[in-house]
Structures are given as C-alpha cells and as structure tokens.
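Enquirer: Top to bottom, those sequences are chains F and S. Counting from 1, position 96 in the first sequence corresponds to residue 144 in our numbering; the numbering is continuous, with no gaps. Counting from 1, position 209 in the second sequence corresponds to residue 494 in our numbering; the numbering is continuous, with no gaps. Built from N, CA and C at the ideal position, the CB exists for glycine as well. Let me give you the structure first, and then I'll get to my questions.
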Amino acid sequence: MTTTKSAAAERVLASKKKITPIQVVIYVFLVFVSVTYLLPLLWVFNVSFKTNKEIFTAPFALPQNITFDNYTFAWSAGHLGIATLNSFIVCAVALVLSTIIGSMAAFGIARMRWKGSKLAMTYFLTGMMIPVHCVLIPLFTRFASFGLSNTLVGLILPYLTFSLPITIFIMTGFFTGLPNELIECACMEGANIFQIFFKICLPLCKTGIFVTGLMTFIGNWNELLLAMVFISDDEKKTLPVSLSKFVGPYNTNYSQMFAAIIIAIIPTVIVYCAFSNKIVDGLTAGAVKG
Amino acid sequence: MDKMLRNWKSIIVFMLPAFVLFTVVLFIPIVQSVYYSFCDYKGMTDPVFIGFDNYAALLSDKTFGIALKNSMFFLVFSCVSQLIMGLFYAVLLTNIKRGRNLFKNIIYLPCVLSSAALGLLWMFIFSPKLGINQLLESWGITDPPLWLMDTKGFITLPMWMIAFVALWQYVGQSMMLYMAQISGINKSLYEASYIDGCTKIQSFRYITLPLIRPMVATAMSLNAIGSLKFFDLIFNMTEGGPNHKSEVLATHLYQQGFKYFKYGYASAIGVVLLVLCLLVTLFINKVVKTEQYEM
C-alpha cells in the first residue's frame with residue numbers, strides 16, 4: 049500500500065519536472081493554433097504596405113519598398129481620423145457616466161436598506177438578456193422626433209444604458225463584499241451617505257471599476273449596429289462604421305482598404321499588448337461574476 | 286446608521302438616474318417594439334394596428350425562413366463548438382508549465398478587436414482572388430472553392446465559414462471562463478485521484494467536468510445570446526448574400542427596418558429574436574445548471 053502510494057506520488061512529482069512527449073505534442077499544437085491567430089493579422093499588415101499590383105503579382109512576398117501612401121490616403125479619404133476621435137468621445141463619455149450612475153445604483157442595491165432592492169436588481173439584470181435589435185426601431189423613431197438622431201449624444205445614451213446592467217451587477221458584488229464596520233465607522237465620524245459612497249466605498253472598489261470600465265469601453269468601441277443606424281453624417285461616424293463604409297466589395301483599391309483595417313485595429317492591439325494580462329484577467333473576472 | 290441607510294431621499298438619489306435611463310431607453314422601447322410588431326408601420330405614416338398580420342407575413346417570407354434556419358444553426362454550432370474547443374484549449378493551457386500566458390493572450394486577442402474590422406479582414410481572405418485562393422493557386426489547385434459566394438447545400442458554405450470565423454474570434458472568451466474555473470479546483474482532489482490510480486482522462490471526466498458545470502451554463506448562455514445577436518461579422522463578410530443565403534435574424538431585421546423602412550415588420554422579427562433569447566437562456570439554465578458541488 050505504502051509503496052504504491054509513494055510510487056504514485058513520485059509519478060506526480062516526475063511529471064512536474066520532465067517534459068514528456070505529450071507536452072511536446074501540446075506545445076506543437078499550441079504553436080500551430082497561435083499561427084492561425086496571428087497569420088491573418090500579419091498577412092493584412094504585410095499587404096497594406098504593397099501597391100495594388102504587387103498584391104496580385106507577388107502575394108506573399110514582403111513589400112518591395114515600404115510606403116505609407118496607403119495609410120495617408122485611407123486616413124483622409126476614409127474619414128478615419130475624425131472617426132477615431134468620435135469613437136473616443138462617445139466611448140469615454142459613456143464609460144464615465146455609466147460607471148458613476150451604475151455604481152450609484154449598485155450601492156443603492158447592495159448597501160441601502162429598502163424592500164424593493166431585490167426587485168430592482170432583477171429589473172436591471174433582465175437588461176443583460178435583451179438584444180439591442182429589439183429596441184432599435186422605437187429608439188430610432190423616438191430620437192428622430194427629439195432631434196437626437198445624427199448626434200453623438202444620441203449614441204451615448206443607448207451605449208450608456210446598455211452598459212448599465214453589467215456595471216450594476218459587478219459593482220453590487222464588490223459593494224456587498226465591503227465590511228459593514230467601515231460604513232459604521234464613517235457614520236460615527238459624521239460622514240453623510242454621499243461622502244461614504246464617493247470617498248470611502250468607491251475608492252475601495254477600484255478593481256471593480258477597472259473591470260467594468262474595460263468591458264464597457266471595449267464593447268462600445270467595437271459596436272457597429274447602433275452607430276450605423278443612428279449616424280448618417282460622415283463627420284459624426286464612429287470607427288467601425290467609417291471602416292465598413294470605406295472598405296467594401298465594390299472598392300477595388302485593396303491595399304488602401306487593408307491599410308484602413310490596420311488603422312482601425314492597431315490602437316486596440318497596442319493597448320492590448322501593453323496590458324494584456326491585466327485586460328484578459330479583468331475581462332474574465334467580469335464575465336465570471338456575470 | 287440604520288436611519289441613514291433607510292433614508293428614502295438618498296435611496297431615490299442613488300437609484301433614480303439608472304432607473305430613469307433604463308426605463309426610458311430600454312423598457313419603454315421594448316413595449317413599443319412589441320406594439321409596433323402588431324402595426325402596419327412604414328416610417329412615413331403613423332402606426333396602424335393590424336393584429337397578427339406581420340407575424341403571418343413572417344411565416345410566408347422565404348428569407349425569414351432562411352434567416353431563422355441560419356440563426357438556429359449558428360446558435361447550435363457556437364454553443365457546441367465553443368464548449369468543446371474552449372474546454373479543450375483550457376485543459377491544454379492548464380496542463381503546460383511555460384508560456385501559458387503567452388498562448389492565452391494570443392488566443393484571447395481577437396475577442397477585444399472590432400468584429401467589424403475582423404469581418405472585413407476575413408472577407409478579403411476568403412474573397413475569390415485574394416488570400417486563401419492565392420495560396421491554393423500557388424499550390425496548383427486550379428478551381429478553388431468560392432468560399433463566401435457558394436449557394437449550395439442546406440447550410441451553405443458561407444455560413445460554415447462565418448461560423449468558423451466566429452469560433453476563431455470568440456473561443457478565447459469561453460477558454461478564459463473555463464480556465465478560471467479549472468484553476469479554482471483544489472489540487473488535492475487531483476492528487477487523491479492519482480493516488481487512487483486514475484489516469485488523466487479519468488480525473489478530467491470525474492473531477493474537472495462535474496466541477497465546472499455551473500461555468501458551462503454561464504458560458505453557454507453567453508454564447509447563445511451572443512450568437513443570436515450576431516451581426517457585425519455577417520454584415521461585413523457577406524451582407525447576408527449571396528441571394529440572402531447567409532442572412533440571419535439580425536441582418537434580416539436591419540435590411541427590413543433600415544433599407545426598406547418596414548418598421549412594423551422589422552419589429553416582429555425583433556420580437557421573435559427577443560423571445561428566442563429569453564427561451565434559450567431559460568433552457569440552458571434549467572438543463573445544464575443542476576447541482577452545485579462544494580469546491
């Protein structure tokens with residue numbers, strides 16, 4: 049009995065030290081998977097520096113002379129500069145507002161003592177199951193009658209609202225986790241409820257704010273449907289919309305379209321490379337709770 | 286303190302902004318949408334109540350049939366494939382010692398990128414004269430498939446290609462969820478199973494699988510709702526074409542509502558979508574989430 053036990057224990061230990069053939073197979077497979085992930089991106093990156101003719105004569109060779117002409121053209125003709133700015137404005141405003149409003153509601157649900165808090169939570173959570181498409185038409189007609197269509201405010205409002213359920217859900221978890229003594233103590237010291245919220249509870253839930261902020265920002269940054277429906281003015285379009293308009297099957301200058309794709313994804317790629325661990329863990333933490 | 290936390294005025298201040306936004310931008314429009322779906326509403330005129338006519342029209346609409354079929358295909362394919370591949374990657378990654386973060390980050394990368402841009406990217410890769418077909422040509426294959434232009438079969442080739450691209454893009458999300466859950470399992474359970482003579486596969490079957498079951502429910506309902514909402518990739522890869530063969534509910538809704546301005550009809554599609562979302566979430570949570578184990 050003891051011998052088998054120690055043998056098994058040794059096996060476990062040994063498997064931790066040596067690289068077994070199975071491990072080699074796993075690594076080879078993972079490298080293959082990574083190639084399928086990186087190759088399409090690298091291909092587009094490579095092609096975006098070529099001339100249109102080169103794409104067909106030498107599709108997989110490196111570009112002969114590197115020029116940024118494709119990029120400058122895509123940047124100006126595709127309105128990508130203003131689109132990036134618009135995307136940034138919309139996402140940043142929606143992010144700040146949804147964090148504040150969402151955290152306030154979450155605090156109200158998690159910490160304040162009232163009868164309807166459970167019901168309010170359910171009400172906000174159903175929002176997570178509702179697809180945007182269902183509210184598209186009523187929102188569109190309503191916003192048109194209020195003069196909000198074709199304005200950035202008209203885009204910020206739905207983005208903000210659709211970010212609320214996840215913000216409320218995650219932040220409620222964080223606020224519930226705070227010790228009761230903390231609030232008691234602050235109350236003794238004579239702080240009012242708003243000071244407790246803004247000066248004590250909110251700073252203590254920095255992780256939660258980071259996680260929800262990340263999720264809402266990335267989600268809104270990539271959103272296409274609402275932006276496409278609500279905005280028709282070139283000067284107010286967001287990045288995914290301008291990109292989809294500029295790049296299409298009827299445009300024939302491929303290298304410029306590839307350059308536009310790279311312009312659209314490169315900011316996200318850079319930010320992701322710089323903070324990838326934090327981003328991946330943050331997004332997962334949010335999804336695990338959600 | 287109790288008095289402060291029960292103060293009605295401050296509760297209202299905390300809850301009101303979110304509540305008002307939620308009601309005005311989300312719930313009232315849903316009610317309106319359901320009402321519009323019973324109306325003849327073409328954008329220019331006011332909605333006129335016509336009962337179930339829009340739904341009856343849906344039944345005889347061929348494109349709606351295709352869209353519903355494709356959406357269902359998408360739903361089943363993404364739930365099953367994401368479960369299998371996500372779990373597979375998660376198990377592989379939790380079993381290696383070095384480079385775990387690197388591989389994890391690479392597989393997760395497309396999740397944060399704009400699916401509009403990635404859709405365009407794959408559109409070019411599968412376009413008749415570029416990408417894959419150039420590669421096939423250099424290998425001497427003379428008549429490569431048309432990928433996104435093909436129309437044959439019950440589920441057409443474009444749908445399969447889009448489904449695989451969606452799997453490629455979003456599998457990182459499922460993988461991360463499963464990884465988080467697997468790394469939360471107590472190591473001593475595995476040690477005990479090895480001492481009892483379990484193989485790795487047995488310990489996966491009898492320890493890992495039962496313990497990650499709640500997460501399977503969560504990940505599956507995320508996938509299911511995501512796949513029903515699916516729009517960006519399809520819109521940018523095929524725009525529902527060729528000949529509406531790769532239309533899904535979301536693209537059909539967009540076409541009907543914002544190209545032909547049939548608001549009432551599009552609302553009916555939206556209601557179908559909403560009902561599907563609610564049903565699928567309920568179903569998954571009933572079937573998959575059975576019992577919770579102590580970890």
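For C324/S, which beta-bridge partners are listed by DSSP?
Expert: F334/S
Enquirer: Tell me, please, whether the CB atom of T436/S is closer than 9 Å to any CB atom in chain F?
Expert: no
Enquirer: Thinking just about the alpha-carbon of each residue, which of L534/S, N339/S and Y393/S is nearest to the one in Y236/S?
Expert: Not covered by the structure: residue 236/S. The range shown for chain S is 286 to 580.
Enquirer: Identify whether L331/F lies in helix, strand or coil by the three-state DSSP scheme.
Expert: helix
Enquirer: Let me see if you follow: with CB-CB separation under 9 Å, is L360/S close to chain F or not?
Expert: no
Enquirer: Look up Y545/S in the DSSP assignment and say whether it is helix, strand or coil.
Expert: coil
Enquirer: Quick one: what does DSSP say W424/S is sitting in, helix, strand or coil?
Expert: coil
Enquirer: Using three-state DSSP, classify R385/S as helix, strand or coil.
Expert: Residue state, collapsed to three classes: helix.
Enquirer: Once DSSP output is grouped into helix, strand and coil, what is the label at R490/S?
Expert: helix
Enquirer: Rounded to whole angstroms, what is the Cα-Cα separation between G202/F and F278/F?
Expert: 7 Å
Enquirer: Anything in the segment 502-521 of chain S with a Cβ closer than 9 Å to a Cβ of chain F? List those residues in chain order, please.
Expert: Going along the segment 502-521 of chain S in chain order, one finds T503, A504, S506, L507, I510, L513, K514, F516, D517, F520 and N521 with a Cβ nearer than 9 Å to chain F.
Enquirer: Three Cβ pairs or more, each shorter than 8 Å: is that satisfied between the segment 295-312 of chain S and the segment 159-168 of chain F?
Expert: yes
Enquirer: Would V144/F and L406/S be called neighbours here (beta carbons separated by less than 9 Å)?
Expert: no
Enquirer: Quick one: what's got a C-beta closer than 6 Å to F172/F's C-beta in the same chain, skipping five residues either side?
Expert: Excluding sequence neighbours, F172/F sits near P213 and I216.
Enquirer: In three-state DSSP terms, what is D435/S?
Expert: Looking at D435/S - three-state DSSP - the assignment turns out to be coil, as it is neither helix nor strand.
Enquirer: Under 9 Å, CB to CB, which of the residues in the segment 181-202 of chain F have a partner in chain S?
Expert: Look at the segment 181-202 of chain F: the residues with a C-beta under 9 Å from a C-beta of chain S are H181, C182, V183, L184, I185, P186, L187, F188, T189 and R190.
Enquirer: Between the C-alpha atoms of P251/F and Y475/S, what's the straight-line distance to the nearest angstrom?
Expert: 39 Å
Enquirer: Is T84/F close to chain S? Criterion is C-beta to C-beta, closer than 9 Å.
Expert: yes
Enquirer: Going along the chain, which residues of the segment 416-436 of chain S sit with their C-beta nearer than 8 Å to a C-beta in chain F?
Expert: Flagged, chain order: G416, Q419, L420 and S423.
Enquirer: Consider the Cβ of N380/S: report whether some Cβ of chain F lies at a distance smaller than 9 Å.
Expert: yes
Enquirer: Assuming D117/F is part of the alpha helix (DSSP H), what are its boundary residues?
Expert: Segment D117 to A125, the alpha helix (DSSP H) holding D117/F.
Enquirer: Using a Cβ-Cβ distance cut-off of 9 Å, determine whether Q367/S contacts chain F.
Expert: no
Enquirer: Determine the closest residue to L287/F out of A142/F, T316/F, N134/F and M152/F, with distance taken between C-alpha atoms.
Expert: N134/F
Enquirer: Apart from the five residues just before and just after L561/S, which ones in its own chain have a Cβ nearer than 7 Å to its Cβ?
Expert: L513
Enquirer: Within its chain, find whatever has a CB closer than 7 Å to the CB of N570/S; leave out the 5 residues flanking it on each side and keep chain order.
Expert: A502 and S506
Enquirer: Quick one: Cα of I148/F to Cα of V141/F, how far?
Expert: 11 Å
Enquirer: Which residues in chain F sit within 7 Å of K389/S, going by Cβ to Cβ distance?
Expert: V328
Enquirer: Go ahead and pull the three-state DSSP assignment for C483/S.
Expert: coil
Enquirer: Return the chain-ordered list of same chain residues with a C-beta closer than 7 Å to the C-beta of W123/F, the five sequence neighbours on each side being excluded.
Expert: Excluding residues within five positions, the ones whose Cβ falls inside 7 Å are G129 and I311.
Enquirer: Which class does N240/F belong to by DSSP, given the choice of helix, strand or coil?
Expert: coil
Enquirer: Establish whether the CB of A375/S and some CB of chain F are separated by less than 9 Å.
Expert: With respect to chain F, the C-beta atom of A375/S has no partner C-beta closer than 9 Å.
Enquirer: If the cut is a Cβ gap below 7 Å, which residues of chain S does M119/F touch?
Expert: Per the sequence shown, the amino acid found at residue 119/F is Tyr instead of Met. Near Y119/F there are no residues of chain S at all, since even the closest Cβ is about 15 Å away, more than 7 Å.
Enquirer: Between the C-alpha atoms of T260/F and G221/F, what's the straight-line distance to the nearest angstrom?
Expert: Rounded to whole angstroms, T260/F to G221/F spans 12 Å at the Cα level.
Enquirer: Distance check for I314/F and T132/F, CA to CA, integer angstroms please.
Expert: 11 Å
Enquirer: Give the single residue among F294/F, M176/F, F77/F and A307/F whose Cα lies nearest to the Cα of Y119/F.
Expert: A307/F
Enquirer: Measuring CB atoms only, is the segment 263-275 of chain F touching the segment 396-404 of chain S, in the sense that at least three cross pairs come out at less than 8 Å?
Expert: yes
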